[in-house]
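Residue numbers (the working numbering): 801 to 1305. All remarks here apply to the structure that follows.
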Ligand code: ATP
């Protein structure tokens, strides 16, 4: 991508509200004429990012460039950017013509003229009535509502009102149109229609669209580029097909389309082990991984081949079937794990089958992490404080040569006492060291479940405390988002390491 084609560039943009980071280190270049969609669950920071591009919010750190110029601090009305919201915010007392022309009537347009001394000066004038009429006509034509000028807003359907809101935005000839869940208030049928119309308008106008939605299907059908976000951070940027076929992590795979996700281990000879079997995978993937590396494996339902028993890689039992119009969707039990498969062939529930997947359809992804990491320190009674709680952890592991004497003092190899009080430490808590309970007395740490990803035979759950500490853990039990739980940590599984450059004892 050439630099000159970039219209908007967000560089390390972050936004905090009252000390909470809601957008973190967001870096993205958007090209002229591109249809870019910010996709992610509610609260992941999509709207905040859009509002920073529009100028309604200022970044806490980072820079926003428009055509190479820093606009981070420019007020909204000075940006060649218009926004369309979910609620159309039309003036109900004005007819369509007056709604669409509203901004144009107020606009002052610069023109060059000569003063008495013959110098060129810039003056401002308003649009003439004729110019306004022409521009309104063009805008209404684009949204397919030409001839509706005199109609009252109240007589229009939701879809038509949203089209008027679009006409009102494009009449100003913005370089960029921001659309914040613009179809969110419409019913499903109208939504589908408007998706096609918006795509068509984007083509006709040739300007950049930045679109916000939490609807993955909408993002996949409309966008040139999708930016998948979670928890204020970009997870993946790519074309819809790339995001669908090659999700970079379990969150993206789970959020985009249906899939079965498993814990896997890289094996020798381009094979990966999951569901207790070895599967041939795409050799192209193997440069990225080491033998024995733990990975996430994604299988899309349409890639599963259902065969007669013992003819595939793994055997299972059809647990349920639903007819979906063009195919059947099956849940297949494989031991304790489940797999979703699509097929045009009808199989009966309870049938024993065997499954295989083409090697290039086995998507292997790096595990982002399998542990939680915290900054901690050693308290005066030689415990470890992190995540706003105190834990009884063996701190002797930090001093390989040292021993503890009968008085509980740590003595180094030379016989000198070590006082570790206040020493900073890195704390690693593996996912498997944590469990959760609805018994709130079970632990001092409590929080709300903010995300759940199903990984074939268990869930990966993230719990966030009031102090914004996150704990990721694996559990076989089904919890719900927003459940308030206590977080129980197995202290024997906590690993400590010394921070390089941290306070020496
Ligand atoms: P949704 O789809 O629900 O609109 P979103 O991805 O657009 O979600 P944002 O609206 O950007 O998310 O919100 C991100 C987080 O920032 C949320 O936790 C929200 O409560 C918080 N937030 C947004 N605006 C403010 C504000 N003005 N003051 C404090 N917190 C805010």
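Ideal Cβ positions, reconstructed from N, Cα and C, are used throughout, including at glycine.
{"Asked": "Three-state secondary structure (DSSP) of residue 910", "Found": "strand"}
{"Asked": "Simplified DSSP assignment, three categories, for residue 1074", "Found": "strand"}
{"Asked": "From 1277, 1267, 1269 and 1020, residue whose alpha carbon lies closest to that of residue 1259", "Found": "1277"}
{"Asked": "Contact set for residue 963: own chain, Cβ-Cβ below 6 Å, skip 5 residues either direction", "Found": "943 and 945"}
{"Asked": "Beta-carbon spacing of residue 1079, residue 1140 below 8 Å", "Found": "no"}
{"Asked": "Among 817, 841 and 852, the one whose alpha carbon lies nearest that of residue 827", "Found": "852"}
{"Asked": "Those residues which DSSP pairs with residue 1296 across a bridge", "Found": "1227"}
{"Asked": "Three-state class that DSSP yields for residue 1062 in the structure shown", "Found": "strand"}
{"Asked": "Residues near residue 1075 in its chain [Cβ-Cβ closer than 7 Å; skip 5 each side]", "Found": "1062, 1114, 1134 and 1137"}
{"Asked": "Near the ligand ATP: residue 818 beta-carbon under 7 Å from a heavy atom", "Found": "yes"}
{"Asked": "Own chain partners of residue 1081 with C-beta closer than 7 Å, once the 5 adjacent residues on each side are dropped", "Found": "1070, 1071, 1072, 1159, 1162 and 1164"}
{"Asked": "Which listed residue (1251, 1255 and 1176) has its alpha carbon closest to that of residue 1220", "Found": "1176"}
{"Asked": "Start-to-end residues for the beta strand (DSSP E) that takes in residue 816", "Found": "806-817"}
{"Asked": "Closest Cα partner of residue 1056 within the set 1067, 1064, 1028 and 1065", "Found": "1028"}
{"Asked": "Stretch-stretch touch, CB-based, cutoff 8 Å, three pairs: the region 1243-1257 with the region 1268-1288", "Found": "yes"}
{"Asked": "Simplified DSSP assignment, three categories, for residue 986", "Found": "coil"}
{"Asked": "Coil, strand or helix - residue 1305 by DSSP", "Found": "Note that residue 1305 has pLDDT 42, beneath the 50 cutoff, so the model's placement of it is unreliable and the number below is only indicative. Residue state, collapsed to three classes: coil."}
{"Asked": "Segment contact, 8 Å Cβ cut-off, at least three pairs: the region 1034-1050 with the region 994-1008", "Found": "no"}
{"Asked": "Cβ-heavy atom distance, residue 1012 to the ligand ATP, below 7 Å", "Found": "yes"}
{"Asked": "Residue range of the beta strand (DSSP E) that includes residue 838", "Found": "835-839"}
{"Asked": "Sheet register partners of residue 1217 (DSSP bridge)", "Found": "1211"}
{"Asked": "Distance, residue 1209 Cα to residue 1181 Cα", "Found": "11 Å"}
{"Asked": "beta-carbon residue 842 near the ligand NAP non-hydrogen atom, thresh 7 Å", "Found": "For the structure depicted, the ligand NAP is absent and the ligand set comprises only the ligand ATP."}
{"Asked": "Chain-order list of residues whose beta-carbon lies under 6 Å from that of residue 1049 (same chain, five-residue window excluded)", "Found": "1165 and 1168"}
{"Asked": "Contacts around residue 950, its chain only, beta-carbon distance under 8 Å, and the 5 residues preceding and following it disregarded", "Found": "895, 896 and 897"}
{"Asked": "For residue 1286, three-class secondary structure by DSSP", "Found": "strand"}
{"Asked": "Residue 1289 beta carbon less than 8 Å from that of residue 1242", "Found": "no"}
{"Asked": "Rounded C-alpha distance that separates residue 1303 from residue 1224", "Found": "Bear in mind that a pLDDT of 42 at residue 1303, under 50, signals an unreliable position, so the model cannot answer this."}
{"Asked": "Cross-strand partners of residue 1079 (DSSP beta bridge)", "Found": "1072"}
{"Asked": "Segment limits, alpha helix (DSSP H) that includes residue 1233", "Found": "Here residue 1233 belongs to no alpha helix (DSSP H), and DSSP marks it neither H nor E."}
{"Asked": "The region 906-921 in contact with the region 935-942 per 3-pair CB rule at 8 Å", "Found": "no"}
{"Asked": "Residue 822 CB to nearest heavy atom of the ligand ATP below 7 Å", "Found": "yes"}
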